[in-house]
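J.: Pasting a structure below so you can have a look.
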Amino acid sequence: MQAFLSRSGAWLKGPASSRLLVVASFVLPVLLWALVSYVPFLWHPKVLVEEVGGVDYFQVGMRVDRAEFDDQVKEMREAGEALPAGRPANPIYLPAPHEVASALYTAFTTAPEQRGAPWLHESLWHSIQIIFWGFVLSSALGVPLGILAGTYAGFSRLTEPFIEFFRYLPAPAFGALAVAVLGIYDGPKIAIIFIGTFFQQVLIIANTTRKLDRTLIEAARTLGTRGSRLITRVVLPGILPDLYRDQRILLGWAWTYLLVAELIGTSSGITFFITQQARYQHFDNVYAAIIIIGVIGLGSDLLLAALGRKLFPWDQAQKRG
Amino acid sequence: MTQSGLPSYLEQSDAVRERFARIREREVILEVRNLHKRYPAPGGETEALRDVSFRIHRREFVCVIGASGCGKSTLIRTLAGLEKHSAGEVLLDGKPVDGPGRDRGMVFQGYSLFPWLTVKRNVMFGPQMSGHSFDAAERQARQWLELIGLSKFADSYPHQLSGGMRQRVAIARALVNQPRILLMDEPFGALDAQTRSRMQSHLLDIWRNIDITILFITHDLDEAIYLADRILVLKPHPGEVLEFIEVPVPRPRTPAQFSSPEFLATKARLDALIHPPEAEADHDDDSGDKPSIYRLTDVADSVE
Ligand SMILES: Nc1ncnc2c1ncn2[C@@H]1O[C@H](COP(=O)(O)OP(=O)(O)O)[C@@H](O)[C@H]1O
Ligand SMILES: [Mg+2]
Chain A
598 MQAFLSRSGA WLKGPASSRL LVVASFVLPV LLWALVSYVP FLWHPKVLVE
648 EVGGVDYFQV GMRVDRAEFD DQVKEMREAG EALPAGRPAN PIYLPAPHEV
698 ASALYTAFTT APEQRGAPWL HESLWHSIQI IFWGFVLSSA LGVPLGILAG
748 TYAGFSRLTE PFIEFFRYLP APAFGALAVA VLGIYDGPKI AIIFIGTFFQ
798 QVLIIANTTR KLDRTLIEAA RTLGTRGSRL ITRVVLPGIL PDLYRDQRIL
848 LGWAWTYLLV AELIGTSSGI TFFITQQARY QHFDNVYAAI IIIGVIGLGS
898 DLLLAALGRK LFPWDQAQKR G
Chain B
737 MTQSGLPSYL EQSDAVRERF ARIREREVIL EVRNLHKRYP APGGETEALR
787 DVSFRIHRRE FVCVIGASGC GKSTLIRTLA GLEKHSAGEV LLDGKPVDGP
837 GRDRGMVFQG YSLFPWLTVK RNVMFGPQMS GHSFDAAERQ ARQWLELIGL
887 SKFADSYPHQ LSGGMRQRVA IARALVNQPR ILLMDEPFGA LDAQTRSRMQ
937 SHLLDIWRNI DITILFITHD LDEAIYLADR ILVLKPHPGE VLEFIEVPVP
987 RPRTPAQFSS PEFLATKARL DALIHPPEAE ADHDDDSGDK PSIYRLTDVA
1037 DSVE
């Protein structure tokens, strides 16, 4: 996912033939999905009951296995009772594209089943806020630490071994602890995103800082730059485009921690929406929500890539996304 | 390898001799005394410089030459204050050097321009660091861009310039600080031959027109002779001074002098110092073929 996100700016440009491939990379899976959904003999292991006939436990709209349905038809015929009717269908967890497409709209307009539960857009907004605060807090601490560790060897030796160890601890493992310390609402969720991002962030940014051409620092020193101005006037602007790219990748990671984070304490946000909809078997809404997460993730990354090209006109790599 | 028909590189015309006498009367800008530099290395130390001593006078153009790995970069980086020396003294205007400073400008081989700053802002960097106002720094930068002929590119970024232009900006960026000496570490090494010779003439122009002393590192013999008043020849492992040669080629220099007898005599001497004949023989497997090549070649009869 990171590689995908970090390159995502690239595939919007380029010659027409490659743009065609980009379109195809989205169209092909959808086409496959449509085939499985609309061509009756392709899969359709179930039968959607349209008329109950004499079967007492059938209900209209029920999905039964095809073998079971055929058995019932045979039984009813032998018993001389009314035959049930139905049409081939896929399992409920695979809604057809048009159902998901309409759910993309109706999910926003339908009131939640539970009174007082958040609407979809409220759930989304809540998720985005969790991501935002988790990422901002992590960056506020991780970026300066990373730059210091990348600049001063001593500082690096003091901090990086522990961080290296800590980053192997799975962030969700701290869920219970976070709840105990921070309560059941947003605190522990933000903490999980923070833990999931922060340690990687320090190491990645320290590395990026170390990769800055030493000659630039030496040139600045021969021009009379000393002390903290070496960091603010040379190191920081020197790594800024790469730092920005790192942050984009890390933001992608923060998204992957979101769903875990939202299950901690009282379930909330888009995860709450998805689990609720699955409980009521509204799988079209589940898919709609998943697609919305993807669109927001990819969309924000594309936006940031475009912004990067504006912000860093001198950076050649930025042009490649 | 006797250079029949060539004068000795030690022979100087009256004009050249007088010029050197005048140079020697000028104040000493840079003095290096018994400089040693050792790097820590796995299994002991690498001795990069051993007992290097020399003096450079005001407005002199000195080239340092030597095979790759003989400590040229170490020497110039020590003078710049980017490396600490192990023993000895580096005196600038009689005062010991401690760390990098504005009084010693440096031009690196790689393009060391700040990629995030425009050409003008790169040149402004030094003055701004020394506390000049934005306007003052900008005024100085414009003057220098005028002088190096890059006014049109003031608002371009370094990546939009050719290699030669970038090095011109790097020179301007160092000189705008009005250093006492300009240190240049193979500054034209990455340029193609044509650009390189244009840059050499350009550098001589700048040097003629402002009060600057230049220490210039190269491994190109022609470049050293074309540019320098004196050439410091280093020998490798460890880096030691072999000879400090006074170049007998008169000034002003032109590319036509590349085939003059003084030029060729100096080049032959440098060649002999840098590639000693006995070392050559060690490496030659097909030494049977070599003599015939020498017989065919007449050094005095230049192709050009
Ligand atoms: N930072 C360093 N650490 C250890 N050894 C070094 C370092 N820099 C240079 N050396 C060694 O010092 C010697 C001289 O190197 P250098 O000054 O770069 O030579 P030149 O510039 O003439 O090619 C070489 O043997 C090189 O391996
Ligand atoms: Mg070197």
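Protein chains in written order, with my numbering: chain A, 598 to 918; chain B, 737 to 1040. Just so you know, even glycine gets a beta-carbon here, dropped at the ideal spot from N, CA and C.
1) Could you compute how far the alpha carbon of Lys907 of chain A sits from the alpha carbon of Trp880 of chain B?
2) How long is the line joining the alpha carbons of Lys888 of chain B and Cys799 of chain B, rounded to whole angstroms?
3) Flag this pair as yes or no: are the beta carbons of Leu918 of chain B and Gly841 of chain B separated by less than 7 angstroms?
4) Return no unless some Cβ of chain A is closer than 7 angstroms to the Cβ of Ala816 of chain B.
5) Does DSSP put Phe850 of chain B in a helix, a strand or coil?
6) With a 10 Å radius around its C-beta and 16 neighbouring C-beta atoms as the bar for buried, classify Ser753 of chain A as buried or exposed.
7) Enumerate, from N- to C-terminal direction, the unbroken beta strand (DSSP E) stretches of 3 or more residues contained entirely within the region 877 to 924 of chain B.
8) Is it the case that the CB of Ser809 of chain B approaches a heavy atom of ligand 2 more closely than 6 angstroms?
9) Once DSSP output is grouped into helix, strand and coil, what is the label at Val799 of chain A?
10) Given that a residue counts as buried once 16 or more other Cβ atoms are within 10 Å of its Cβ, and exposed if not, what is Arg762 of chain B?
11) What's the call for Gln748 of chain B, buried or exposed, on a 16-neighbour Cβ count within 10 Å?
12) Beta-carbon of Gly807 of chain B versus every beta-carbon of chain A: anything under 7 angstroms?
13) Going by C-alpha distance, which of B:Pro776, B:Ala929, B:Val788 is nearest Leu677 of chain B?
14) Cβ of Ala784 of chain B versus every heavy atom of ligand 1: is any distance shorter than 6 angstroms?
15) Is the shortest distance between the beta-carbon of Tyr893 of chain B and the beta-carbons of chain A less than 7 angstroms?
16) Nearer than 6 angstroms: is that true of the beta carbon of Tyr841 of chain A relative to any heavy atom of ligand 1?
17) How big is the Cα-Cα spacing for Leu746 of chain B and Pro984 of chain B?
18) Would you call the CB atoms of Asp881 of chain A and Ala613 of chain A closer than 7 angstroms?
19) So the alpha helix (DSSP H) Lys856 of chain B belongs to, where does it begin and stop?
20) Within 8 angstroms, do at least three Cβ pairs link the region 791 to 803 of chain A to the region 756 to 764 of chain A?
21) So which of A:Gly780, A:Ile836, A:Ala704, A:Ala875 has the shortest CA-CA distance to Arg807 of chain A?
22) Return the bridge partner residues of Glu781 of chain B from the DSSP annotation.
23) Say the cut is 6 angstroms; is the CB of Gly805 of chain B nearer than that to a heavy atom of ligand 1?
24) Chain B beta carbons: is any one of them nearer than 7 angstroms to that of Ala816 of chain A?
25) Write down every uninterrupted run of the beta strand (DSSP E) in the region 931 to 959 of chain B whose length is 3 residues or greater and which is fully enclosed by it, in chain order.
26) Whose Cβ in chain B lies nearer than 7 angstroms to the Cβ of Pro834 of chain A?
27) Can you grab the Cα-Cα spacing for the pair Met598 of chain A / Phe924 of chain B, in whole Å?
28) Of the residues that make up the region 903 to 917 of chain A, which ones have a beta carbon closer than 9 angstroms to any beta carbon in chain B?
29) For Tyr635 of chain A, is the classification buried or exposed, using 16 other Cβ atoms within 10 angstroms of its Cβ as the cut-off for buried?
30) Looking at Val799 of chain A and Gly743 of chain A, is the spacing between their C-beta atoms short of 7 angstroms?
31) Are the C-beta of Gly824 of chain A and some C-beta of chain B separated by less than 7 angstroms?
32) Pull up the distance between the alpha-carbon of Glu998 of chain B and that of Gly805 of chain B, whole angstroms please.
33) For the alpha helix (DSSP H) holding Glu747 of chain B, just list the boundary residues, first then last.
34) So which residues of chain A does Phe844 of chain B contact, with C-beta pairs closer than 8 angstroms?
T.: Let me spell this out:
1) Between the alpha carbons of Lys907 of chain A and Trp880 of chain B lies a gap of roughly 29 angstroms.
2) Distance from the CA atom of Lys888 of chain B to the CA atom of Cys799 of chain B, rounded to whole angstroms, is 32 angstroms.
3) Taking 7 angstroms as the Cβ cut-off, Leu918 of chain B and Gly841 of chain B qualify as a contacting pair.
4) Judged by the 7 angstroms Cβ criterion, Ala816 of chain B is in contact with chain A.
5) Three-state DSSP puts Phe850 of chain B in coil, outside helix and strand.
6) Buried, since its Cβ has 16 or more Cβ neighbours within 10 Å.
7) Correct list: 917 to 921.
8) Checking the Cβ of Ser809 of chain B against ligand 2 gives yes.
9) DSSP places Val799 of chain A in helix when its eight states are reduced to three.
10) Per the 10 Å Cβ criterion, exposed.
11) Buried is the call here.
12) Put simply, the CB of Gly807 of chain B is far from chain A, with every gap to its CB atoms at 7 angstroms or more.
13) No answer is possible for residue 677 of chain B: it lies beyond the span of chain B, which begins at 737 and ends at 1040.
14) Yes, the Cβ of Ala784 of chain B comes within 6 angstroms of a heavy atom of ligand 1.
15) Closer than 7 angstroms to some Cβ of chain A, the Cβ of Tyr893 of chain B qualifies, so yes.
16) It does not: the Cβ of Tyr841 of chain A is nowhere closer than 6 angstroms to a heavy atom of ligand 1.
17) It is roughly 7 angstroms from the alpha-carbon of Leu746 of chain B to the alpha-carbon of Pro984 of chain B.
18) No, the pair does not count as a contact, with Cβ atoms beyond the cut-off.
19) Here the alpha helix (DSSP H) through Lys856 of chain B covers 855 to 865.
20) Three or more beta-carbon pairs separated by less than 8 angstroms link the region 756 to 764 of chain A to the region 791 to 803 of chain A, which places the two stretches in contact.
21) Nearest to Arg807 of chain A by alpha-carbon distance, out of A:Gly780, A:Ile836, A:Ala704, A:Ala875, is A:Ile836.
22) Beta bridge pairing from DSSP links Glu781 of chain B with B:Pro776.
23) Because some heavy atom of ligand 1 lies under 6 angstroms away, the Cβ of Gly805 of chain B counts as near it: yes.
24) Using a CB distance cut-off of 7 angstroms, Ala816 of chain A counts as an interface residue toward chain B.
25) Within the region 931 to 959 of chain B, the complete beta strand (DSSP E) segments of 3 residues or longer fall at 949 to 954, listed in chain order.
26) Taking the beta carbon of Pro834 of chain A as reference, the chain B residues within 7 angstroms of it are Trp852, listed in sequence order.
27) Summary for Met598 of chain A: the model assigns pLDDT 41, below 50, so the residue's position carries little reliability, and this model does not support an answer.
28) Listed by position along the chain: Phe909, Pro910, Trp911, Asp912, Gln913.
29) Classification for Tyr635 of chain A: exposed.
30) At a Cβ-Cβ threshold of 7 angstroms, Gly743 of chain A and Val799 of chain A count as neighbours.
31) Taking 7 angstroms as the threshold, the shortest C-beta distance from Gly824 of chain A to chain B does not fall below it.
32) Glu998 of chain B and Gly805 of chain B: Cα-Cα distance of roughly 28 angstroms.
33) Counting along the chain, Glu747 of chain B sits inside no alpha helix (DSSP H), nor does DSSP assign it H or E at all.
34) Per Cβ cutoff of 8 angstroms: Thr812, Glu815, Ala816.
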